[in-house]
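Numbering (the numbering used here), first residue to last: -7 to 387. Here a beta-carbon is modelled for each residue, glycine too, at the ideal position from N, C-alpha and C. Encoded as C-alpha cells, the structure appears first; notes follow it.
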Amino acid sequence: MPALLDVQTARDRVLAAVRRLPLEAVPLAGALGRVLSADLHAGGDVPPFTNSAMDGFAVRSGPADRVLRIVGESRAGAPADTAVTDDSAIRISTGAMLPDGADAVIMVERTEEDPSTHTVRLHAVVTPGQNVRGAGEDMRAGSVVLPAGTVIRAAAVGVAAGAHAGSLSCARRPRVAVLATGDELVPPGAPLLPGQIHNSNSLTLAALATEAGADVVLVDHVPDRAEATRDAIAAALDDADVLVLSGGVSVGPHDHVKAALEASGVVEHFWRVALRPGKPTWFGTRGEQLVFGLPGNPVSSMVTFLLFARPALRALQGADPAARRVRMPLAQPVPQTAGRDELVRVTFVDDAATLTGPQGSHVLTSMLGADGLARIPAGEGELAAGVLVDVELLQ
Ligand code: AMP
Ligand code: MG
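Below, the structure written as C-alpha cells:
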C-alpha cells in the first residue's frame, strides 16, 4: 500500500499535469465566467470625452448672480454646435459633451431660467472643473484594464465593453465527464429498494464542474463490475478533457476503478492522500486528459473535487488555480486526526470559523452554508478555540 501523500504535494502533481486549453474568441455577451487569456488594453479613453456629471448649464467658472444668455443645448449623444462665452451658457444633460469654451457645469437646481428672455441666473459661485468628468478618468487609452487570467464577472463584462472589446480571447471551456460508480445507486427521484441510495454525487460533481467554468459533456452511472467500469471509462474518455469518477477507488472487493483506469491507459500520478475526508483520492493522466478518482462518500467527493479538480479546471482555463484563503480563529475546540490533515466545513460567525455541524464524510448537509474549508493540521491532540487556522474559501 503506498504511503499517504501530503495535500500540497498532491495538488502540485495535479497542476504539473495541466496544459492550458486552446484559445477561442468569445463574444462579450457570452463571456460571463470565462477566463481572459491575455491582458486587455483600453481601446480609447473612457469616458471618451469630457462631459457633464449633472443636468444644468455649461458655463465659464466665475462669481454668483451672473445672468447669461442660453445659446444652445448639449444632450447625451448630441453635442452643442456653439461655444460658451463669458456671457453665455449652454443647457446640458448628464453625460453630454462639455461644449467648447465652458470649464464647468452649474446644476439646474442652483439656477433660475427666464424663458421670456432666454437667460439664466446663476445662484452660486462656479469653480473651475465643477461637475465635469474628464476624458479618461475611468480608463486611459492603451492601459491594461483587465489582466490575463481575470475571471470575467459582471463588472468585467462592462469594463471590456467600455474598453472597445466586442469579444475576448479565452481558453475554451474544459469538457468534463462525470461517472459515478456503485451498485447501490439509483437516480434522484426514483424509489429506493432496501440497500439502495440516491446518486447524489453525479449531479453535485457536475454542478461543481459547471461552477468552475467547465462544460459538462457527460453524467453517467456504472455498476460495480470490472468490465462495465472499463467500458464506461473508455466511453467517457472519448470526448472529455477531464474525467471525474466517484466511488470504487478504495480497496474493497467491489472497487474496480483503479484497475479499469489502468486498463484504459490512464497513468497513475498518485493514490491516497494524507487527508480527511478523502484518503483514497486517485489522480492520473492519459496524454493531456486528467482523471480524478474521488471517494464515494458525498462530503469526501465534494471536498476532494474542491481541493484537486477545481484548481485543475481553473488552470486549464488559464486562471489562478489557488482558492482565496483567510486566517481565522476557531470558534470551538476541534480534535486533530493522526497522520492526516482534516478539512472541516466552517461558516463565519462573528469573525470566527464555526463548524457547520457534525463532520462525518457522509453528512452532506455539513456542506450547506459552508463559507470555507478550515485545515486542521494532522496531530494527536486538539486545537483549542481561538487558534488561528487556514481557511480555503468556497467562493
Ligand atoms: P465507495 O467510495 O464506493 O466505497 O463509497 C463510499 C460511500 O459513499 C458509500 O457509503 C457509498 O454508498 C457512498 N456513495 C458512493 N457513491 C455515491 C454517490 N454517487 N452518491 C451518494 N453516495 C455515494
Ligand atoms: Mg462503491
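Find out if the Cβ-Cβ distance for the pair L347, V336 is shorter than 8 Å.
yes
So is the beta-carbon of G187 under 7 Å away from any non-hydrogen atom of ligand 2?
no
Assuming S242 and L197 make a contact with CB atoms under 8 Å, what is their CB distance in whole Å?
Going by Cβ atoms, the distance from S242 to L197 rounds to 17 Å, so no, they are not a contact pair.
Which ranges does the beta strand (DSSP E) cover as unbroken runs of at least 3 residues, wholly within the region 191 to 222, from first to last along the chain?
207 to 214
Does the distance from the CB of P321 to the CB of V383 come in under 8 Å?
no
Taking the beta carbon of P350 as the centre, do at least 16 other beta carbons fall within 10 Å, making it buried, or is it exposed?
exposed
Mind pulling the alpha helix (DSSP H) runs of 4 or more residues that sit fully within the region 86 to 157?
146 to 154
As assigned by DSSP and simplified to three states, the class of L298:
helix
Would you say the beta carbon of D216 is closer than 7 Å to some non-hydrogen atom of ligand 2?
yes
Here's the rule: buried if 16 or more other CB atoms are within 10 angstroms of the residue's CB, otherwise exposed. What is T273?
buried
Exposure of R82, with buried meaning 16 or more beta-carbon neighbours within 10 Å:
First, the amino acid is wrong: residue 82 is Ile here, not Arg. It is buried - the Cβ of I82 has at least 16 other Cβ atoms within 10 Å.
Is Q309 buried or exposed, if buried means 16 or more other CB atoms sit within 10 Å of its CB?
buried
Could you tell me if the beta carbon of P290 falls within a distance shorter than 7 Å of some heavy atom in ligand 1?
yes
Thinking C-alpha only, which one of P215, V258, D363, T339 is nearest H246?
P215
Among L171, N193, L195, V178, the one whose alpha carbon lies nearest that of G187:
V178
Please determine, among F284, V209, R264, G270, the residue with the shortest C-alpha to C-alpha distance to V258.
F284
Beta carbon of L7, beta carbon of K271: below 8 Å?
no
Would you say the beta carbon of H354 comes nearer than 7 Å to a heavy atom of ligand 1?
yes
Under 7 Å: does the beta carbon of V241 sit that close to some heavy atom of ligand 3?
Ligand 3 is not part of the structure shown, which contains ligand 1 and ligand 2 as its ligands.
Would you mind working out which of L385, Q281, T296, V100 sits nearest P390, comparing C-alpha positions?
Because the chain is modelled from -7 through 387, residue 390 falls outside the range shown and cannot be assessed.
Assuming L114 contacts V51 (C-beta within less than 8 Å), just tell me the rounded distance between them.
7 Å
Within 10 angstroms of the Cβ of P166, are there 16 or more other Cβ atoms? Answer buried if so, exposed if not.
buried
When you compare the CB positions of L138 and V149, do they come within less than 8 Å of one another, or not?
no
With a threshold of 7 Å, establish whether the CB of G174 neighbours any heavy atom of ligand 2.
yes
Inter-residue Cα distance where the pair is R302 and E203:
9 Å
Let me check understanding here. Comparing Cα to Cα, which of E334, A21, L13, F340 lies closest to G371?
E334
Going by beta carbon distance, what residues of the same chain come within less than 7 Å of E65, once the five residues before and after it are set aside?
A72, I82, R83
Contact check, A116 vs R102 under 8 Å by CB: the rounded distance?
4 Å
Can you find at least 3 beta carbon pairs, one from the region 34 to 53 and one from the region 119 to 134, that sit closer than 8 Å?
yes
With a cut-off of 8 Å on the beta carbons, I'd call S159 and P14 a contact; round off their distance for me.
About 16 Å; that fails the 8 Å criterion.
CA-CA distance, R12 and W263?
24 Å
Could you tell me if the beta carbon of P287 falls within a distance shorter than 7 Å of some heavy atom in ligand 1?
yes
Do L385 and G364 count as a contact pair if the criterion is CB distance below 8 Å?
yes
Just checking G141 against ligand 1 - is the residue's beta carbon closer than 7 Å to any of the ligand's heavy atoms?
no
Unbroken beta strand (DSSP E) run spanning L60, endpoints:
59 to 66
On the CB-based measure, 16 or more other CB atoms within 10 Å of its CB, does P290 come out buried or exposed?
buried
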